[in-house]
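Oh and the sequence shown: position 180 is 180 in the UniProt record's numbering, straight run, nothing missing.
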Amino acid sequence: MNLLITGAGRGLGLQLTKLALERGHTVIACMREIADATEGLLNLAAQYDDQLRIERLNVTHEDEAAQLAARLAKDNVKLHGIINNAGILLGREHTIETLPIHLMRLTFDVNVFGPVIVAKHFSPLLADDAGAVVLNISSEAGSMANAYGGDYPYAMSKTTLNMFSKQLKNTLWKRGVRVLAIHPGWIKTDMGGQSAPMEAAESAGGIMDIAEGKTTIADELVFVDHTGRSMPL
1 MNLLITGAGR GLGLQLTKLA LERGHTVIAC MREIADATEG LLNLAAQYDD
51 QLRIERLNVT HEDEAAQLAA RLAKDNVKLH GIINNAGILL GREHTIETLP
101 IHLMRLTFDV NVFGPVIVAK HFSPLLADDA GAVVLNISSE AGSMANAYGG
151 DYPYAMSKTT LNMFSKQLKN TLWKRGVRVL AIHPGWIKTD MGGQSAPMEA
201 AESAGGIMDI AEGKTTIADE LVFVDHTGRS MPL
């Protein structure tokens, strides 16, 4: 499989990249700035030189997405998976009365418009009728059924991402492309913190099983966790 993974420099994105390479896949690892490449990603580049392509992609900059997509098309790259992993969590210490609205805008820019931009420019590169997938990394915080109050920017952005996933699913199924929003679980990352009960590698394993089609998921589902279990929208 040829996989494009955003936010691949650290956390869950790095673990997804590592596991995909170990399983023999080719990865286009995208990150906001090449200079920010972590030691872990650079080690993977040295170990899997022929499988790993590191590219600069700030998902909020549509021109960068368009330029990278054009380069991949020129290289005759066909994608079998897009994992929209780049995301941010801001403003969780605020109540609605103190919430800085610019944090809402920034969060939506990355967590919503980012995946939209990626889908717009890279979905044309997905191989038709070949089991290709678009996996949008969401969160249980985006469930309207289980809304808990607080985390307004993050939760609302993930709810919107779930809606986008549903819309995109209804568009790309005609090409044989599966679209899912995935709750990765509460994992130990910079975002999840060290109190999280699960390692990022465990979540990445489940997500990769979904990407590879090893986990059976009912056709009507769009929001699942990393094991493929249905999540309430």
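Yeah, the Cβ is synthetic: ideal placement off N, Cα and C, and Gly gets one too.
- Expressed to the nearest angstrom, what Euclidean distance is found between the alpha-carbon atoms of L135 and I82? In the sequence shown, counting from the first residue as 1, residue 135 sits at position 135. In the sequence shown, counting from the first residue as 1, residue 82 sits at position 82. Looking at the backbone, the Cα of L135 and that of I82 are separated by about 6 Å.
- Task: Could you check if P115 is buried or exposed, using at least 16 other CB atoms within 10 Å of its CB as the buried criterion?
- Result: Counting from 1 along the sequence shown, the entry for residue 115 is found at position 115. Label assigned to P115: buried.
- Query: Which of helix, strand or coil does DSSP assign to A145?
  - Reply: Here residue 145 refers to the residue found at position 145 of the sequence shown. The answer is coil: DSSP assigns A145 none of H, G, I, E or B.
- Task: Find the nearest neighbour of P124 within the set L172, G7 and G149, judged by alpha-carbon distance.
- Result: Your numbering for residue 124 matches position 124 in the sequence shown. Ranking the options by Cα distance to P124, first place goes to L172.
- Query: Under 8 Å, do G7 and G87 count as touching if we go by C-beta distance?
  - Reply: Against the sequence shown, residue 7 aligns to sequence position 7. Against the sequence shown, residue 87 aligns to sequence position 87. Judged by their CB atoms, G7 and G87 are nearer to each other than the 8 Å cut-off.
- Extent of the continuous alpha helix (DSSP H) to which F164 belongs: Locating residue 164 in the sequence shown gives position 164, counting from the first residue. Y152 to L172 is the span of the alpha helix (DSSP H), which, as asked, contains F164.
- Query: By Cβ distance, which residues of its chain are closer than 8 Å to D129, with the 5 residues on each side in sequence left out?
  - Reply: Taking the sequence shown and counting its residues from 1, one reaches residue 129 at position 129. These residues qualify, in order along the chain: R175 and G176.
- Task: Could you say which of H121, E140 and G9 lies nearest to L79 if we only look at CA atoms?
- Result: Counting from 1 along the sequence shown, the entry for residue 79 is found at position 79. Among H121, E140 and G9, the Cα nearest to that of L79 belongs to H121.
- Item | Neighbourhood of L99 by C-beta distance below 8 Å, restricted to the same chain and skipping five residues each side | Locating residue 99 in the sequence shown gives position 99, where the first residue counts as 1. Excluding sequence neighbours, L99 sits near G91, Y152 and P153.
- Near A145, which residues of its chain fall below 7 Å by C-beta distance, leaving aside the five closest residues on each side in sequence? By one-based count along the sequence shown, residue 145 stands at place 145. The answer, listed in chain order, is P232 and L233.
- State buried or exposed for P184, treating a residue as buried only when at least 16 other CB atoms are found within 10 Å of its CB. For the purposes of this step, residue 184 is identified with residue 184 of the sequence shown, where counting begins at 1. When all chains shown are included, P184 counts as buried.
- Message: Please tell me whether E64 and L57 are closer than 8 Å, where the distance is taken between their beta carbons.
- Response: Walking along the sequence shown from the start, residue 64 turns up at place 64. Walking along the sequence shown from the start, residue 57 turns up at place 57. Against a cut-off of 8 Å, the Cβ pair of L57 and E64 comes out as a contact.
- Item | Residues sharing a beta bridge with H183, DSSP | Taking the first residue of the sequence shown as position 1, residue 183 is located at position 183. D225, per the DSSP bridge assignment.
- Identify whether G13 lies in helix, strand or coil by the three-state DSSP scheme. For the purposes of this step, residue 13 is taken as the residue at position 13 of the sequence shown. Three-state DSSP puts G13 in a helix.
- Task: Would you check if the distance between the CB atom of N111 and the CB atom of L68 is smaller than 8 Å?
- Result: As a first step, residue 111 is located in the sequence shown; it is residue number 111 there, counting from the start. As a first step, residue 68 is located in the sequence shown; it is residue number 68 there, counting from the start. Not a contact, by the Cβ cut-off of 8 Å.
- Item | Same chain, Cβ closer than 7 Å to L168, five either side skipped, listed in chain order | What you label residue 168 is simply residue 168 of the sequence shown in a count that begins at 1. A119, V134 and V179.
- Task: Using alpha carbons as the reference points, say which of K166, V224, E62 and I207 lies closest to L14.
- Result: For the purposes of this step, residue 14 is identified with residue 14 of the sequence shown, where counting begins at 1. Of K166, V224, E62 and I207, the residue nearest in Cα terms is I207.
- Message: If the criterion is Cβ atoms closer than 8 Å, does the pair S138 and I210 meet it?
- Response: As a first step, residue 138 must be located in the sequence shown, where it is residue number 138. As a first step, residue 210 must be located in the sequence shown, where it is residue number 210. Cβ atoms of S138 and I210: not closer than 8 Å.
- Can you tell me which of the three DSSP states R56 falls into? Residue 56 sits at position 56 when you count from the first residue of the sequence shown. It is a strand residue.
- Item | Length of the line joining the Cα atoms of V77 and E55 | As a working mapping, residue 77 is identified with position 77 in the sequence shown. As a working mapping, residue 55 is identified with position 55 in the sequence shown. If I take the Cα positions, the gap works out to 14 Å.
- Query: Between A141 and the rest of its own chain, which residues show a CB-CB distance below 7 Å, the 5 nearest in sequence each way excluded?
  - Reply: Here residue 141 corresponds to residue number 141 of the sequence shown, with the count starting at 1. So the qualifying residues of the chain are D151, Y154, A155 and K158.
- Message: Helix, strand or coil, according to DSSP, for T107 in the structure here?
- Response: Residue numbering aside, residue 107 sits at position 107 when the sequence shown is read from its first letter. T107: helix per DSSP, three-state reduction.
- Which same chain residues, not among the five before or five after I34, have their C-beta less than 6 Å away from its C-beta? Within the sequence shown, numbered from 1, the residue matching residue 34 stands at position 34. Correct list, in chain order: R56.
- Could you check how far apart the C-beta atoms of D36 and G9 are, in whole angstroms? I think they sit under 8 Å. As a working note, residue 36 is residue 36 in the sequence shown. As a working note, residue 9 is residue 9 in the sequence shown. Contact check for D36 and G9: beta-carbon distance about 6 Å, within the 8 Å limit, so the pair qualifies.
- Residue range of the alpha helix (DSSP H) that G213 falls in? For this step, residue 213 is matched to residue 213 along the sequence shown. Going by DSSP, G213 is part of no alpha helix (DSSP H) at all; its letter is neither H nor E.
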